[in-house]
Structure formats: C-alpha cells, structure tokens
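Student: With the first letter of the sequence shown counted as 1, position 3 gets the number 3 in full-length UniProt numbering; the numbers rise by one all the way through.
Don't be surprised by glycine CBs; every beta carbon is placed ideally from N, CA and C.
Predicted model only: the values in this text are computed from it and were never measured.
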Amino acid sequence: MKTIQFANVEDQYRKYAGELRATDVQKLGEWVKSQPHLPPVTELELILFLHSNYYDLEAAQRTIECYYTFRTSCKNLFGNRNLDKDAILMAMDVLALMCVDIQLWEEGCNNGSILIIDMDGIHLGHLPKLGIFTLKDLLYFIQEGLPIRLKGLHLANVVPFIDRIMTMIRPFMKKELLEMLHLHTKIHTLFPYIPQHLLPSDYGGMAQSRKSLRDNLYNYTISCGDHLARYDQVKRVDENKRLAKPRTMGNFFGLL
C-alpha cells in the first residue's frame, strides 16, 4: 500500500501569503478544540477549510461541522469504504470522493475546481437505478461540506432525457450551483471554459484517454486504501459529546 505524501503546510503559507494567516488558522484550531464532539483536525485540514471559504472563519466552522458530521452520519457515501469490498468497487460516487480526499491531502489548496461529468453511455433505463437519496446526499456534501472552491459543473455528452434528470436533482441544488451548471451536447462547447489541451485525448485534448486516466486514478486510489480506511475510523464525530442537539441525516435535511 502507498504512503500518502501530504502537502507541505509551509508551502501553503508561502503560496497564499497575505491572505492565509497563521493567526486565523490558530483561531480555527482553537474553535475545533472547544467542540468536544469533533475529531482532531490537522493544520493542513484547517488551512483547506479556511482557504475554501475565502478565509471567513465562521464559514469555515460551518464547513468543518458539516464535513465531519456528514462523513459520520451518511452511510450511503461513507459507511464502509473498504476497497476490498466488491460493492464499493462498483460505487463510483464513493470512489470519486476518495479521489477528492487524496487530491486535497497531497496537493493542498487551489484557487478553483471544475467538475466534469461525462454522460456518455447513460441510457433511459438507468434512471430508475439512480439512487435519489444518494444523489441528494452527494449534492449536499459537495455544496456544504467539501473544502474546495467549486468554480464550475459541466455535464458533457448530455443525453436527450436530461430534463428528467434535472427534474430529479434540481431541488437539491442551491442557486449558486445551478448558475455554474453548463450542459454540453458536443465536446467542443467545453473549450471556452477549459483549455482544450488539458482535456483527455478522446475529447481532442493532449492528456491521456479517459480510460487511461480513469484506470490510473482508480489504481492509485486502491493503493491508498489503508490510509483511507484509517481516516474514516478516526475522523468521526462523537454525538454523545456534542454540546447542542445531536445531528442525524434526518435533521440535516430538516426532517426532524
């Protein structure tokens, strides 16, 4: 198994000098320690939460709360990420979040992330199999708990029945996410948003093919499986120690 090489904290301070302040990171860390239900949070993680919220301390606190509580409560996405399990190997949404975890740990902060979802191969018969509750959970986590600056969401090779899919997911998308959503029936309409040379070769770009990129990323994620499993065991909230009302998936969505 591979040992993850975490991003250097000092490099993060140098890269974002003038915006990222050690005093703010310290304040955020002190707040975490004052919340007995939260797990230990590393300095790199504090930096990620602060940076993704444009250095707003209160917003970073809300993201931390959501991030760790949701990872503990949401069994659909974080219930069992043992990569030896066949069911997990088939759950691409779970694997995608694992990839995001590793990218954040190894690369640290960045000024923006763009998510591209290729709908090639999706058929009308797949619609009943789309787990609406899993989609709801995933969209909530992306919008409220993931420590990234999401700059764009692009659906490529849009299918003719995209209106049905949008009807399913629109209620779970905030106005800000809907405004950054772009639908592409042809790949070339991606180019004004993303430089063509950065895209996979089968998109007309200079990167490897989608299959090669996917296989490499999958294999790399598998090699980090031990660390991912340990992270899931340690980075959990203890609802018995929460000072306020315990959080569940029900009251996350206003059901309780």
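Using three-state DSSP, classify P40 as helix, strand or coil.
Tutor: As a working mapping, residue 40 is identified with position 40 in the sequence shown. Here P40 sits in coil by DSSP.
Student: So, under 8 Å CB-CB, G131 and Y193 are touching, yes? Tell me the CB distance rounded to an integer number of Å.
Tutor: Position 131 of the sequence shown, counted from the start, is the residue given in the question as residue 131. Position 193 of the sequence shown, counted from the start, is the residue given in the question as residue 193. At roughly 29 Å, the Cβ-Cβ gap does not stay under 8 Å, so G131 and Y193 are not in contact.
Student: Looking at C-alpha atoms only, which residue of Q12, I117 and F141 is the closest neighbour of E45?
Tutor: For the purposes of this step, residue 45 is identified with residue 45 of the sequence shown, where counting begins at 1. Nearest option by C-alpha distance: Q12.
Student: To which residues of the same chain is F78 closer than 6 Å at the C-beta, ignoring the five residues directly before and after it?
Tutor: For the purposes of this step, residue 78 is taken as the residue at position 78 of the sequence shown. Excluding residues within five positions, the ones whose Cβ falls inside 6 Å are R71.
Student: I believe T221 touches C99 by the beta-carbon criterion, under 8 Å. Please report the beta-carbon distance rounded to the nearest angstrom.
Tutor: In the sequence shown, counting from the first residue as 1, residue 221 sits at position 221. In the sequence shown, counting from the first residue as 1, residue 99 sits at position 99. Between C99 and T221 the Cβ distance is about 6 Å, and since that is below 8 Å, they are a contact.
Student: Roughly how many angstroms lie between the CA atoms of A229 and D101, to the nearest whole one?
Tutor: On the sequence shown, residue 229 is found 229 positions in, with the first residue counted as 1. On the sequence shown, residue 101 is found 101 positions in, with the first residue counted as 1. Roughly 12 Å between the two C-alpha positions.
Student: Quick one: grab the DSSP three-state call for K174.
Tutor: The residue labelled residue 174 in the question sits at position 174 within the sequence shown. Reduced to three states, the DSSP call for K174 is coil.
Student: Taking the CB atoms as reference points, tell me whether Y68 and P36 lie closer together than 8 Å.
Tutor: Stepping through the sequence shown from its first residue, residue 68 is reached at position 68. Stepping through the sequence shown from its first residue, residue 36 is reached at position 36. Their beta carbons are not under 8 Å apart, which means Y68 does not touch P36 by this criterion.
Student: Given that a residue counts as buried once 16 or more other Cβ atoms are within 10 Å of its Cβ, and exposed if not, what is I117?
Tutor: Position 117 of the sequence shown holds residue 117. Label assigned to I117: exposed.
Student: So is L243 buried or exposed if we call it buried at 16+ other beta carbons inside 10 Å?
Tutor: Residue 243 sits at position 243 when you count from the first residue of the sequence shown. Exposed, by the Cβ-count rule.
Student: Where DSSP assigns a beta bridge to P200, which residues make up the other side?
Tutor: For the purposes of this step, residue 200 is identified with residue 200 of the sequence shown, where counting begins at 1. Beta-bridge pairing links P200 to A207.
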